[in-house]
Amino acid sequence: MVLPLRLLLSIAGLVVATTLFAMVLDSPGQRAALPLAIPAAAGGDGGSSSDPLPPPPLRVTIKSGDSLSAIFDQVGLSQQELQRVLAHKEARHTLRAILPGKELSFQLEEGNRLQRLSYAIDATRTLEVRREGDDFRATTIEYPLEHRVQFASGEIKSSLFLAAQQAGLSDKTTMEMADIFGWDIDFALDIRSGDHFAVLYEELYRDGEKVRTGNILAAEFTNRGKRYVAIRYTNPEGESGYYSPDGMRMRKAFLRTPVKFTRISSRFGKRFHPILNRMRSHKGVDYAAPTGTPIRATSDGKVIFKGRKGGYGRTVILKHGKRYSTLYAHMSRFGKGLRTGRAVKQGQIIGYVGQSGRATGPHLHYEFRINGVHRNPLTVRLPRAMPIEKKYRKEFRRIAEKMLAQMEQRKRTMVARLARQPEE
Ligand SMILES: [Zn+2]
């Protein structure tokens, strides 16, 4: 991890107009903030300093239909040389599965002898075959990915996805953020212009090139003036979760909505019923969504009803502990393997949106009952989440403080940077 850090330091002087800032995690306890430069095109073969400037390696991009023997021919290596390479199990195993579009790199020495052959299997593993006397040695080298902490923040003007995109967040990270705060904020209903967010997340790099987006480390979301903060914590057993700064799990006993990103077409309470043509009490909430949209169990529970139920059409009723039950109606079909009496997990797909029964269009009718009494699912106080285990509380607090401090510092840096930008 020393090399990428040095590499970054050498380009840290570049002024980069980007909304993102990178941080290099050199070791868990040691962090240095650095502006993120555009990924440098680093030499791909990881060449070390000991060789006295060998000629540059020959790189061959594998084409569809290419064979190893044809490629060896092409670079001027004999078939005997190929056989000697393939005599090694590790080399044989990898080279039999080379893929078009990838690259083989050949280091040749005088007399067209192969000095070294390398093939990047994926972002973290490279096969290296090196000459040792008259023979070769094959090894698969594992490169640890460099974790960089990125920061993005934005304000919502029209949609969360647009604001997140403008802030440089991937759709994956945006969805993760919506999942983390989805227990407290209904992203279909509650989002307003002026809501804002900030996210500290990881990006994984190898040789200065981004391999993929990692996890959100901490995030905050201010919705209609109320600020929510979440911090990722992984306990020594390797279980990860998001917690509020006071150590309460973000994940609640109940999902706020059984379908993702939809619009409410009818609320709880009195309303005019378009089919019955009279006023009646609406005992649930209707979520308009296209037919086939997955419906999720809002909490762990047991199926106590599955079938047709008059005007409700295809319906599932779940019981959660002694006090709570939820009902899902008008399904087009039931979830796979769903049976009365069986347990379901929170978030499990129990059916799909439809318009079976008495319905004017595809939607989910959702009811929430406490001790048999209908409650408004949108406003009912849901049971509190679990706090972090006592034995981990101290460590969590330490991590939370550090994350929050980092986030504040990034926010200040960004504000200062924006203030320095000339008006457009
Ligand atoms: Zn309804």
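Mind the numbering: the sequence shown is residues 82 to 505 in the numbering used here, read in order.
Where a beta carbon is used, it is the ideal one built from N, C-alpha and C, also for glycine.
Since the model is a prediction, treat every value here as computed from it, not as a measurement.
### Query
Between the C-alpha atoms of valine 397 and leucine 408, what's the straight-line distance to the nearest angstrom?
So the two alpha carbons sit approximately 6 Å from each other.
### Query
What's the gap between the Cα of leucine 336 and the Cα of glycine 428?
Linking leucine 336 to glycine 428 through their CA atoms gives a straight-line distance of about 8 Å.
### Query
Any idea what DSSP makes of tyrosine 224, helix, strand or coil?
Note: tyrosine 224 maps to coil in three-state DSSP.
### Task
For aspartate 367, verify whether its CB is less than 7 Å away from any heavy atom of ligand 1.
Within the cutoff, so yes.
### Option in Thr338, Lys364, Pro339 and Leu195 with minimal Cα separation from arginine 348
Among Thr338, Lys364, Pro339 and Leu195, the Cα nearest to that of arginine 348 is on Lys364.
### Query
Just to confirm, does histidine 363 get its C-beta within under 7 Å of one of the non-hydrogen atoms of ligand 1?
Correct: histidine 363 has its Cβ closer than 7 Å to ligand 1.
#### Entry: Rounded separation between isoleucine 345 and histidine 401 - CA only
Rounded to the nearest angstrom, the two C-alpha atoms are 24 Å apart.
### Query
If we call anything under 8 Å between Cβ atoms a contact, is glycine 438 one with valine 384?
No, they are not a contact pair.
### Query
Considering only the beta carbon of each residue, do arginine 395 and phenylalanine 415 sit closer than 8 Å?
Against a cut-off of 8 Å, the Cβ pair of phenylalanine 415 and arginine 395 comes out as a contact.
### Query
Are there 16 or more other CB atoms within 10 angstroms of the CB of arginine 491, so buried, or fewer, so exposed?
Counting Cβ neighbours within 10 Å, arginine 491 comes out buried, since at least 16 surround it.
### Sheet register partners of glutamate 191 (DSSP bridge)
Beta-bridge partners of glutamate 191 (DSSP): none assigned.
### Query
Whose CA, out of Asp276, Asn296 and Thr303, lies closest to the CA of leucine 285?
Nearest C-alpha to leucine 285: Asn296.
### Query
Where do the N-terminal and C-terminal ends of the beta strand (DSSP E) with methionine 258 fall, by residue?
From DSSP, methionine 258 is part of no beta strand (DSSP E) but of the alpha helix (DSSP H) over 252-262.
### Message
Does chain B have any CB closer than 8 Å to the CB of glycine 388?
### Response
Protein chain content of the structure displayed is limited to a single chain, and chain B is not contained in it.
### Query
Who pairs with glutamine 231 in a beta bridge, going by DSSP?
Paired residues: Tyr282.
### Query
Fully enclosed by the segment 139-180, which beta strand (DSSP E) runs are 3 residues long or longer?
As far as the segment 139-180 is concerned, its whole beta strand (DSSP E) runs of at least 3 residues are 139-142.
### Message
What I want to know is whether the C-beta of histidine 228 ends up closer than 7 Å to one or more non-hydrogen atoms of ligand 1.
### Response
Because no heavy atom of ligand 1 lies under 7 Å away, the Cβ of histidine 228 does not count as near it: no.
### lysine 471 (DSSP reduced to helix, strand or coil)
Residue state, collapsed to three classes: helix.
### Query
Looking at the unbroken alpha helix (DSSP H) that takes in phenylalanine 242, where does it start and where does it end?
241-247 is the span of the alpha helix (DSSP H), which, as asked, contains phenylalanine 242.
### Query
Is it the case that the Cβ atoms of threonine 494 and valine 434 are separated by a distance below 8 Å?
Taking 8 Å as the cut-off, the beta carbon of threonine 494 is found no closer than this to the beta carbon of valine 434.
### Beta-carbon contacts of leucine 298 that lie in its chain and below 7 Å, excluding the five residues immediately before and after
Within the same chain, Cβ atoms closer than 7 Å to the Cβ of leucine 298 are found at Val230, Leu281, Tyr282, Glu283, Arg313 and Met484, the five residues on either side in sequence being excluded.
### Query
In angstroms, rounded to a whole number, what distance separates the CA positions of leucine 250 and arginine 194?
Straight-line Cα distance between these residues: approximately 48 Å.
### Query
Between leucine 84 and proline 137, what straight-line distance do the alpha-carbon atoms span, to the nearest angstrom?
Note on leucine 84: pLDDT 36, under 50, position unreliable in the model; the coordinate value appears next. Using only the alpha carbons, I get a separation of about 20 Å.
### Query
How would you label serine 108, buried or exposed, when you count the other beta carbons within 10 angstroms and need 16 or more for buried?
Its pLDDT being 35, under 50, serine 108 is placed unreliably by the model, and nothing is read from it.
### Task
Could you tell me the distance, in whole angstroms, from the CA atom of glutamate 227 to the CA atom of histidine 455?
Their Cα atoms are separated by approximately 52 Å.
### Query
Where does lysine 387 sit, in a helix, a strand or coil, going by DSSP?
DSSP, reduced to helix, strand and coil, places lysine 387 within a strand of the structure shown.
### Query
Should the segment 260-268 be regarded as contacting the segment 195-204, the criterion being three or more beta carbon pairs within less than 8 Å?
At 8 Å Cβ cutoff, the stretches do not touch.
#### Entry: Other residues of its chain near glycine 157: CB distance less than 7 Å, five sequence neighbours each side excluded
Once the five neighbours on either side are set aside, the close Cβ partners of glycine 157 are Asn193.
### Bridge-paired residues (DSSP) for serine 186
Per DSSP, Arg140 and Ser199.
### Query
In whole angstroms, what is the alpha-carbon distance linking alanine 178 and proline 443?
So the two alpha carbons sit approximately 48 Å from each other.
### Query
Do you know whose CA, among Ser239, Ala245, Lys333 and His169, lies nearest valine 210's CA?
Taking only the C-alpha atoms, the option nearest valine 210 is His169.
### Message
Is it the case that the segment 214-224 contacts the segment 179-186, given that we only count it when at least three CB pairs across the two stretches are under 8 Å?
### Response
Fewer than three Cβ pairs drawn from the segment 179-186 and the segment 214-224 lie within less than 8 Å of each other, which leaves the two stretches out of contact.
### Cut-off 6 Å between Cβ atoms - residues of its own chain near threonine 142, not counting five sequence neighbours on either side
Cβ neighbours of threonine 142 beyond the five flanking positions: Glu184.
#### Entry: Cross-strand partners of asparagine 304 (DSSP beta bridge)
Beta-bridge pairing links asparagine 304 to Lys307.
### Query
Between the Cα of proline 326 and the Cα atoms of Glu191, Thr255, Arg308 and Lys387, which residue gives the shortest distance?
Of the candidates Glu191, Thr255, Arg308 and Lys387, Arg308 places its Cα closest to the Cα of proline 326.
### Query
Which residues does DSSP pair with valine 434 in a beta bridge?
In the DSSP secondary-structure assignment, valine 434 is bridged to Met412.
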